[in-house]
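Residue numbers (the working numbering), protein chains in the order written: chain E, 6 to 403; chain V, 47 to 377; chain X, 134 to 440.
We put the beta carbon where it would ideally sit given N, CA and C, even for glycine.
For reference, the structure is listed below as structure tokens.
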Amino acid sequence: MRIFRKLLTGTISAMVLVGFSPMATADSVKIGFVTTLTTPAAVIGNDMVDAVNLAIEHIGGKMGELDVELIVEDDGFKPDVGKQATDKLVKQDDVHFVAGYIWSHVLLASRKSVLDAGKFLISSNAGPSQLAGKLCHENFFSTSWQNDQTPMAMGEVLNQQGVKSLYIMAPNYAAGKNMVAGVERTFKGEILGKDMTGWGKVKQVEFAAELAKAKASGAEGIFIFYPGPPGAAFIKQYQQAGLQGQLPLYSVFTVDSISLPKFQAANLTGVMGSSMTQFWAPDLDNPQNKKFVSGFKEKYGRYPTFYAAQSYDTIFLIKAAVEAADGNLDDMDLMRATMEEAAFPSVRGKFSYGNNHMPIQNFYLREVVEDADGVWTTKVVRTVYENHQDPYAKDCKN
Amino acid sequence: MKNYLPRSTSGIFYTGVVLVFALIPVFVSLSGQIFYLDIFSRIMVLGIAAMSLNLLIGYGGMISLGHAAFLGIGAYCVGIPVYYEIYNGWVHLVLAIVVCGIFALVTGAISLRTKGVYFIMITLAFAQMVYFTFVSLEEYGGDDGLVIELRSEFGTWLDLEDNMVLYYTIFGVLLVSLFVVNRLVQARFGRVILGSKYNERRMQSLGFDTYRYRLVCYVISGILCGIAGLFLGNFTSFISPEMMDWTRSGELIFMVILGGTGVLFGPIIGAGVFILLEVWLPQIITFINKLELGVELPHELWHLILGAILIAVVLFGRGGIHGLLTRRKRG
Amino acid sequence: MDWNPFLIQFINGLQLGILLFLLASGLTLIFGIMDFINLAHGSFYMVGAYFCATLTFLTGSFVLAAMIAVGGVFIVGVVVETTIVNRLYRADHLDQVLVTFGLILIFDTLVQMIWGPEGMVIPLPPVLDGQFEVASLVFPTYRLLIIVSGLLVAAGLYLLVMKTRLGMLIRAGASNRVMVSALGVNINRLFLIVFALGAALAGLSGLLIAPITETSIGMGNAIIILAFVVIIVGGIGSIKGAFYAALIIGLIDTMGRSYLDSLLKLFMSVQNAETAAPALSAMLIYILMAVVLAVRPQGLFPPTGTR
Numbered sequence: 006m007r008i009f010r011k012l013l014t015g016t017i018s019a020m021v022l023v024g025f026s027p028m029a030t031a032d033s034v035k036i037g038f039v040t041t042l043t044t045p046a047a048v049i050g051n052d053m054v055d056a057v058n059l060a061i062e063h064i065g066g067k068m069g070e071l072d073v074e075l076i077v078e079d080d081g082f083k084p085d086v087g088k089q090a091t092d093k094l095v096k097q098d099d100v101h102f103v104a105g106y107i108w109s110h111v112l113l114a115s116r117k118s119v120l121d122a123g124k125f126l127i128s129s130n131a132g133p134s135q136l137a138g139k140l141c142h143e144n145f146f147s148t149s150w151q152n153d154q155t156p157m158a159m160g161e162v163l164n165q166q167g168v169k170s171l172y173i174m175a176p177n178y179a180a181g182k183n184m185v186a187g188v189e190r191t192f193k194g195e196i197l198g199k200d201m202t203g204w205g206k207v208k209q210v211e212f213a214a215e216l217a218k219a220k221a222s223g224a225e226g227i228f229i230f231y232p233g234p235p236g237a238a239f240i241k242q243y244q245q246a247g248l249q250g251q252l253p254l255y256s257v258f259t260v261d262s263i264s265l266p267k268f269q270a271a272n273l274t275g276v277m278g279s280s281m282t283q284f285w286a287p288d289l290d291n292p293q294n295k296k297f298v299s300g301f302k303e304k305y306g307r308y309p310t311f312y313a314a315q316s317y318d319t320i321f322l323i324k325a326a327v328e329a330a331d332g333n334l335d336d337m338d339l340m341r342a343t344m345e346e347a348a349f350p351s352v353r354g355k356f357s358y359g360n361n362h363m364p365i366q367n368f369y370l371r372e373v374v375e376d377a378d379g380v381w382t383t384k385v386v387r388t389v390y391e392n393h394q395d396p397y398a399k400d401c402k403n
Numbered sequence: 047m048k049n050y051l052p053r054s055t056s057g058i059f060y061t062g063v064v065l066v067f068a069l070i071p072v073f074v075s076l077s078g079q080i081f082y083l084d085i086f087s088r089i090m091v092l093g094i095a096a097m098s099l100n101l102l103i104g105y106g107g108m109i110s111l112g113h114a115a116f117l118g119i120g121a122y123c124v125g126i127p128v129y130y131e132i133y134n135g136w137v138h139l140v141l142a143i144v145v146c147g148i149f150a151l152v153t154g155a156i157s158l159r160t161k162g163v164y165f166i167m168i169t170l171a172f173a174q175m176v177y178f179t180f181v182s183l184e185e186y187g188g189d190d191g192l193v194i195e196l197r198s199e200f201g202t203w204l205d206l207e208d209n210m211v212l213y214y215t216i217f218g219v220l221l222v223s224l225f226v227v228n229r230l231v232q233a234r235f236g237r238v239i240l241g242s243k244y245n246e247r248r249m250q251s252l253g254f255d256t257y258r259y260r261l262v263c264y265v266i267s268g269i270l271c272g273i274a275g276l277f278l279g280n281f282t283s284f285i286s287p288e289m290m291d292w293t294r295s296g297e298l299i300f301m302v303i304l305g306g307t308g309v310l311f312g313p314i315i316g317a318g319v320f321i322l323l324e325v326w327l328p329q330i331i332t333f334i335n336k337l338e339l340g341v342e343l344p345h346e347l348w349h350l351i352l353g354a355i356l357i358a359v360v361l362f363g364r365g366g367i368h369g370l371l372t373r374r375k376r377g
Numbered sequence: 134m135d136w137n138p139f140l141i142q143f144i145n146g147l148q149l150g151i152l153l154f155l156l157a158s159g160l161t162l163i164f165g166i167m168d169f170i171n172l173a174h175g176s177f178y179m180v181g182a183y184f185c186a187t188l189t190f191l192t193g194s195f196v197l198a199a200m201i202a203v204g205g206v207f208i209v210g211v212v213v214e215t216t217i218v219n220r221l222y223r224a225d226h227l228d229q230v231l232v233t234f235g236l237i238l239i240f241d242t243l244v245q246m247i248w249g250p251e252g253m254v255i256p257l258p259p260v261l262d263g264q265f266e267v268a269s270l271v272f273p274t275y276r277l278l279i280i281v282s283g284l285l286v287a288a289g290l291y292l293l294v295m296k297t298r299l300g301m302l303i304r305a306g307a308s309n310r311v312m313v314s315a316l317g318v319n320i321n322r323l324f325l326i327v328f329a330l331g332a333a334l335a336g337l338s339g340l341l342i343a344p345i346t347e348t349s350i351g352m353g354n355a356i357i358i359l360a361f362v363v364i365i366v367g368g369i370g371s372i373k374g375a376f377y378a379a380l381i382i383g384l385i386d387t388m389g390r391s392y393l394d395s396l397l398k399l400f401m402s403v404q405n406a407e408t409a410a411p412a413l414s415a416m417l418i419y420i421l422m423a424v425v426l427a428v429r430p431q432g433l434f435p436p437t438g439t440r
């Protein structure tokens with residue numbers, strides 16, 4: 006054994022010597038972007054990649070003196086595949102920033118690979134409570150929100166509207182649990198029932214049993230969180246069951262610019278006027294958002310989603326850091342300090358970062374309406390929260 | 047009957063395969079492609095798992111569509127103790143062997159009463175039960191899976207946190223597995239298993255309790271796969287029920303077929319080709335797209351190519367890669 | 134006690150069972166007669182849904198689109214059978230599993246390339262999109278339509294199998310394959326018809342579910358395993374078995390999802406019960422299959438003449 010060990014250390018040190026190469030000065034910023042490009046959820050991933058490409062186009066492909074090199078990887082909607090893709094970005098491509106991540110479970114599985122390698126990890130969507138609290142990290146940033154915040158705003162809206170009882174449905178995974186925790190945190194009425202539906206390999210898209218339970222519960226409203234394709238299925242069945250009059254729909258991250266055109270094509274009027282909360286909307290009035298939304302509509306012929314908005318912001322956050330460090334990508338401290346200031350132009354307007362690097366930002370109530378061209382979209386009704394911070398920040402020892 | 051020991055010609059080839067695995071870290075450090083260390087670690091781990099499945103399919107004629115369950119159980123035998131801050135690798139190892147052994151014994155005893163397609167389905171059923179059991183275990187992450195914060199500790203001299211050490215540890219396990227499986231199929235045990243694959247009645251009339259032999263084979267296979275799972279968990283530092291899905295079992299079968307059933311080295315080669323295809327096909331598509339030839343190939347195209355290869359191997363490539371190699375040499 | 138919720142869940146279970154039956158009936162025939170394991174059967178389910186979605190938007194009529202789509206899937210079935218599947222009838226099950234696994238990958242990719250990753254919502258005519266009321270029971274009309282059309286198809290299949298010459302051959306093939314070919318029947322054509330018919334039934338099943346959920350890539354892969362459970366529980370090759378087993382499994386799944394969490398809450402924490410219940414109800418189905426396989430491997434209702 007001892008010989009084996011000696012041999013081993015010998016070979017390893019030889020390898021380290023051979024493998025060592027002088028630090029090359031970077032002439033490009035490498036950004037790895039992990040999102041979903043296969044499975045039905047690819048529709049979200051494609052939207053994010055479109056937004057990233059638009060952002061890179063808007064900055065002329067440059068951050069300071071450096072060229073931007075984007076490497077997109079597919080997570081296949083699976084935590085282990087996402088982790089493998091992240092490992093590839095970190096180890097093979099040696100990127101400077103790893104960004105993206107739609108899904109909380111994928112992000113949680115991939116976190117260690119990026120942070121252990123001493124690189125920046127930027128979530129362009131997922132905001133699991135763990136990463137905002139105990140597992141927060143100096144090199145982790147979010148351009149989206151912490152999962153609990155949006156449903157907390159919805160709980161507040163429900164209180165204001167005098168809703169006394171609620172039925173809750175969400176998929177059974179990290180983000181679903183956070184969403185439920187969020188609305189339960191602020192909603193003051195009674196929760197008459199709750200269903201956590203399958204979200205693993207086989208995503209549940211048949212909700213007949215649960216909808217029947219919800220109706221029988223006699224609740225005054227139903228709160229749901231169904232991102233991506235299962236959301237469309239839910240809305241469809243909700244309308245077919247004739248629930249829109251009896252059980253008003255309150256959703257988060259379910260009705261968006263991906264699902265709305267489909268609802269319109271199928272004339273699912275049940276979704277019109279339904280309310281949701283969000284940190285952003287296509288009609289938010291600030292120059293960066295106008296540039297983003299009009300640029301996106303011009304280039305791709307559709308409204309951008311919030312996923313796209315967060316991805317667009319991701320590039321500008323990185324750009325601010327790279328430019329502050331004057332292209333010296335080894336100066337992690339300076340880049341980190343710059344990002345903490347959130348001084349880049351964001352599509353959501355001015356916001357700041359908490360100690361856990363989650364945005365402290367406004368949340369708005371939005372409603373589904375028809376725009377001037379007859380296209381279904383969402384519009385801001387009013388502000389629910391101003392400069393809201395997530396409840397986990399106090400657990401973060403940053 | 048086939049000859050299950052590599053002949054001298056293929057013997058050279060197989061020595062070459064072992065040498066490649068032994069020297070990968072050197073290539074990796076010379077070229078700076080650290081990622082390939084991960085890829086080859088994965089190949090070896092899944093190769094060991096496929097080797098255990100080959101015991102069932104290739105030698106015993108028992109087609110299991112639930113073998114990934116053992117891989118998952120093995121990985122959870124690291125994940126769950128680590129969750130409770132028990133880092134001792136020997137504990138993990140014993141746990142994996144015992145749990146997988148018992149699970150294989152119980153499910154095997156029931157499954158082996160059936161034959162053919164019923165065996166395929168009942169192994170699938172048991173694997174699905176394990177899958178849903180872990181999905182329902184909220185404490186250990188449910189569907190989200192479990193991050194393994196620290197790797198198994200086998201003593202100060204074997205620090206698995208170092209990827210290079212982990213690589214050579216897996217390499218060692220691979221060599222031991224090759225040795226054990228080879229001895230097993232050479233021994234009388236292997237001949238009985240093989241004999242009952244081709245003519246069970248005859249083996250029974252010769253006085254062998256084929257059911258018992260099969261059961262022992264099933265248990266050994268399950269334990270070996272569980273050990274592969276233990277290293278899979280250590281290697282990925284993450285485990286989710288997803289890894290036990292029936293499609294993963296299907297991939298293991300594909301590795302066995304691709305390399306050549308009933309051949310000692312088949313599963314390793316099959317795993318290697320499968321994983322390299324999985325890694326390279328998307329990269330090739332990205333590369334072609336970068337050439338800007340006027341057509342934008344969709345990213346998902348690589349699934350189609352993989353499917354086509356799968357069909358081609360079955361329809362035209364009898365005997366897998368091993369078959370191709372030996373055929374060429376003999377022809 | 135108010136029995137309405139229970140009745141509603143019972144009808145929901147029936148509806149799921151009927152869909153499973155449509156998918157499983159083809160699978161069990163293909164399995165029983167040709168001894169062919171077709172994992173890609175779920176792909177026909179998906180293709181049916183996509184054909185129907187596109188045709189609904191083209192023709193403006195869901196019913197018309199559905200009828201053309203079923204024919205379309207029949208043709209796809211013919212193509213797949215003549216190009217790939219008919220080479221594999223003599224191969225062992227392992228090869229069949231692998232080739233059809235490969236077919237799944239190909240179908241999923243082709244569908245994504247043709248229709249894109251986003252699913253399609255199929256609009257229904259207003260008549261079908263409403264609710265149906267009997268006494269105090271309110272139920273979506275479309276789900277009733279599924280049950281009714283499924284029962285009609287089941288009846289049609291029964292007549293086809295029991296009363297026609299083709300049906301006689303199918304029955305004979307399911308119980309004794311060698312005998313049928315020895316009788317000088319054109320076995321290739323019989324196989325082709327059965328395969329394409331099975332594909333069309335799967336397509337019908339897929340297009341019926343699509344207006345409820347939506348079309349999506351890989352939608353068949355989730356349900357195909359359930360369909361296999363159905364045919365194993367019912368007895369391979371038995372249409373009758375597939376029918377009963379599909380209803381049993383549809384009911385177990387729905388009832389499990391509806392009532393298991395309340396049951397579990399009696400002896401575990403609320404949160405654990407909420408997570409465990411859906412997984413456990415899914416597990417119940419596999420436990421049922423394992424028990425059937427261990428105790429009565431030929432299934433609950435094997436085709437007559439086997440054994």
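Check	Outcome
CB of Val211 (chain X) within 9 Å of CB of Phe361 (chain X), strictly	no
Any chain X beta carbon closer than 9 Å to Leu322 (chain V)	no
Proximity to Val428 (chain X) [Cα-Cα], best of V:Ile367, V:His345, V:Arg159, V:Ile143	V:Arg159
Check whether Phe294 (chain X) and Ile280 (chain X) have beta carbons under 9 Å apart	In the sequence on display, residue 294 (chain X) carries Val and not Phe. Against a cut-off of 9 Å, the Cβ pair of Ile280 (chain X) and Val294 (chain X) comes out as no contact.
For Ala286 (chain E), the three-state DSSP class (helix, strand or coil)	coil
Within chain X, partners of Leu347 (chain V) - CB distance below 8 Å	Thr242, Met246
Cross-chain neighbours of Ser182 (chain V) in chain X, by beta carbon under 7 Å	Thr408, Ala409, Ala412, Leu413
Contacting residues, own chain, Cβ-Cβ under 7 Å from Leu278 (chain X) (five flanking each side not counted)	Leu261
Cβ separation of Met289 (chain V) and Leu117 (chain V), assumed to be a contact under 8 Å, to the nearest whole Å	6 Å
C-beta neighbour in chain X for Met201 (chain E), strict 9 Å	yes
Within chain V, the residues that Tyr178 (chain E) reaches when beta carbons sit closer than 8 Å	Gly188, Asp189, Asp190
Three-state class that DSSP yields for Leu42 (chain E) in the structure shown	coil
Residue-level contact to chain X via CB, Glu185 (chain V), 9 Å cutoff	yes
Val463 (chain X) - partner residues in DSSP beta bridges	Any answer about residue 463 (chain X) is impossible in this case: the structure gives chain X only from 134 up to 440.
Coil, strand or helix - Trp136 (chain V) by DSSP	helix
Proximal residues to Ile201 (chain X) (C-beta, below 7 Å), its chain only, five neighbours per side dropped	Leu188
CB-CB length for Val247 (chain E) against Gln264 (chain X), believed under 8 Å	Correcting the residue type first, residue 247 (chain E) is Gly in the shown sequence and not Val. The Cβ separation is near 4 Å, so the contact holds.
Contact with chain V by Pro27 (chain E), beta-carbon distance below 9 Å	Residue confidence is low: Pro27 (chain E) scores 36 on pLDDT, short of 50, so the model does not pin down where it sits. No coordinate-derived value is stated.
Those runs of the beta strand (DSSP E) which lie wholly inside the region 155-242 of chain E and span at least 3 residues	170-176, 195-202, 226-229
Contact between the region 139-146 of chain X and the region 310-329 of chain V (3+ Cβ pairs under 8 Å)	no
Interface flag, Tyr130 (chain V) vs chain E, CB-CB below 9 Å	no
DSSP three-state assignment for Thr242 (chain X), whether helix, strand or coil	helix
Among X:Ala335, X:Gly389, X:Ile358, nearest to Gly159 (chain X) - alpha-carbon criterion	X:Ala335
Inter-residue spacing [alpha-carbon to alpha-carbon] between Gln166 (chain E) and Arg190 (chain E)	17 Å
Validate contact between the region 62-72 of chain V and the region 290-305 of chain V using beta carbons, cut 8 Å, 3 pairs	no
9 Å Cβ cutoff, Ser170 (chain E) in contact with chain V	no
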